[in-house]
Amino acid sequence: MVVAKILTQPKKIKPKRNHSIKKLSEEIYLSKGNVENLLKVPNVEAFIKEHLIINKELFLGIHHESITVYYWCKAMLELTYFSDNKCTIKIAKKYIDHTALCGLKFIEKSDFMYFAFSDEFIKAFLDAYEILKDNIEKLTDESHASDEQTGSLAKKYQGIIACNNNTNEASDWYCADLDYCPEDAPFGRLDMIGISKNPQNNKHRLVLIKLMYSWQAYKSGYRKNLYNNKKNKGYYIQGKNLKTRKNAAGNNHPRRFACKFDEKKKTIISYEFGSGITGDFYDYSRFLFNDEGKYGHQLKEECYDILKAKKQLGCFETNDRLGDDLLGLLDGTKEAFVDQLNDSAECVFLTVGCDSLEKCKESLSSYLCPGSTNTADILSITKDTWNCYYNNGKGVLKHVIQDLSLVDAFPAEFDEKVRYVFTKNEALDNLNIIDHPDSASDDELILNIFS
């Protein structure tokens, strides 16, 4: 546990009202429901079986008791149980343009459109399917420079690889979920969850995969106004020794990261290290080691629920290939299933689309270990001392915590759980690269950050 001195507490901010669940009509609100209830809605199960799982290019995600249908890892539609044995369909407005869905009656219109599940919706969706896919594909404009679209390309190949893998009889793995995140977790989503089809030492392996596209994905997208004291409202931490790179004028600043602060408990809840490899390392390591590994155990239980629901829908009788051993475990109890998984998950940071394997390895290493040009690598972050400040957005700063260590933010034990794998390929046929990289196109970086 980090012991730090609390200097002061800023004035409490009145919390904003949560508008994440909006009113759909004068009397009805969205409900999370559950998959069992969802599949009892008339014709929903038949719709999924007859029109969704038959498409090898679609991935079914079971999230928070709803079913999300992914294409290129973009949520094409989400089916959610509604009160009174009904179902609503959520589709992003930007996907619907020029489709037959435009003429349907919708329940709510904002960035998303909510449709009542009906025979009319099924017909309109089937008519719109190819245009829906085309609209999603257009959002990934590959004419742009790769450093401008590494995120969208990573999502594209994340979706393609998951679908290729799950329909591949020769794959050693089954991808159970995409963009997994426990509802109460104070960290970001996990890109892919893989389970080994066959046991090793009488246990199935569980792997958390972070998928990145090319070396540009390692860069962190920090908050733009973090160094503008008149616009940067909120909490942040500042290093005593680490600094940013010098700008054109030869100036630099003490390194800062945003954070979330619990004003009642006077503690930092989480840090925000940006969207690059530093933030990924932080999120994945916290998933494994926070709260004595409770999130890992929760994931095992949810994998059973996810696979059980997919079995009920007939996924493993259509295109997906789960493997006889895992299929047999689904006939038993959840407790027996969990017992057959390894105690702890592994992590693989997988980079696809590497023009140069060596450049990718060097670039990733520079964000994790000290070097002559590095300004915020993980090891240096853990060795520096940090202070926490609150900015009221008007340039007035309050010193909240001093002498803060970030050693616990990046547990050294994660070194033993994570591997760094690279490939020149993009749309992999399966995930066998995890254990069997091809020397002609793949490589692995052996890295021990903390030793």
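Take the sequence shown: its position 298, counting from 1, is numbered 298 in this note's numbering, and each next residue is one higher. Built from N, CA and C at the ideal position, the CB exists for glycine as well. It should be emphasised that the depicted structure is a prediction, and the values quoted were computed from it without experimental measurement.
Specify the secondary structure class of residue i as computed by DSSP and reduced to three states.
i, result
"Phe117", "coil"
"Gly239", "strand"
"Gln200", "strand"
"Thr150", "helix"
"Gly328", "helix"
"Asn387", "strand"
"Lys40", "helix"
"Phe450", "coil"
"Gly323", "coil"
"Ser366", "helix"
"Asp443", "strand"
"Thr318", "helix"
"Ala258", "strand"
"Thr278", "helix"
"Phe59", "strand"
"Glu272", "strand"
"Phe337", "helix"
"Thr267", "strand"
"Leu431", "coil"
"Lys109", "strand"
"Gly234", "strand"
Is it buried or exposed, residue i, if we count other Cβ atoms within 10 angstroms and call 16 or more buried?
i, result
"Thr333", "exposed"
"Glu50", "exposed"
"Lys74", "buried"
"Cys102", "exposed"
"Ala336", "exposed"
"Glu78", "buried"
"Asn488", "The question about residue 488 has no answer here: the residues shown for the chain are numbered 1 through 451."
"Ile54", "exposed"
"Arg256", "buried"
"Ile433", "buried"
"Arg245", "exposed"
"Asp119", "exposed"
"Ile446", "exposed"
List the residues that DSSP assigns as beta-bridge partners of residue i.
i, result
"Phe79", "Reading the sequence as shown, one finds Leu at residue 79 and not Phe. Looking at the DSSP assignment, Leu79 forms a beta bridge with Ile67, Ile89."
"Lys195", "Position check: residue 195 holds Ile in this sequence, whereas Lys was assumed. DSSP, once it has assigned bridges, lists Tyr174, Leu206 as partnering Ile195."
"His399", "Tyr389"
"Leu52", "Paired residues: none, contrary to the question."
"Pro182", "Its beta-bridge partners do not exist; DSSP assigns none."
"Leu133", "At residue 133 the sequence reads Lys, which differs from the Leu that was named. In the DSSP output, where bridge partners are listed per residue, Lys133 has none listed."
"Phe422", "Thr351, Asp443"
"Leu190", "Tyr180"
"Tyr213", "Val352"
"Glu346", "Val207"
If I'm right that residue i touches residue j with Cβ under 8 Å, what's the distance once you round it to whole angstroms?
i, j, result
"Gln158", "Leu178", "7 Å"
"Val207", "Gly194", "4 Å"
"Ile378", "Ile449", "6 Å"
"Cys360", "Cys354", "4 Å"
"Gln312", "Leu329", "About 15 Å; that fails the 8 Å criterion."
"Val481", "Lys300", "With the chain represented from 1 up to 451, any question about residue 481 goes unanswered, as that position is not in the structure."
"Lys394", "Lys230", "6 Å"
"Tyr213", "Val352", "6 Å"
"Phe71", "Lys133", "Note on residue identity: the sequence assigns Tyr, not Phe, to residue 71. Between Lys133 and Tyr71 the Cβ distance is about 6 Å, and since that is below 8 Å, they are a contact."
Inter-stretch contact (C-beta, 8 Å, three-pair minimum) for the region 164 to 176 and the region 192 to 210: These segments touch.
For the region 276 to 283 and the region 318 to 328, state whether three or more C-beta atom pairs, one from each stretch, are separated by less than 8 Å. The region 276 to 283 vs the region 318 to 328: no contact.
Tell me, please, whether the region 418 to 426 touches the region 434 to 443 by the rule of three or more beta-carbon pairs shorter than 8 Å. Short answer: they touch.
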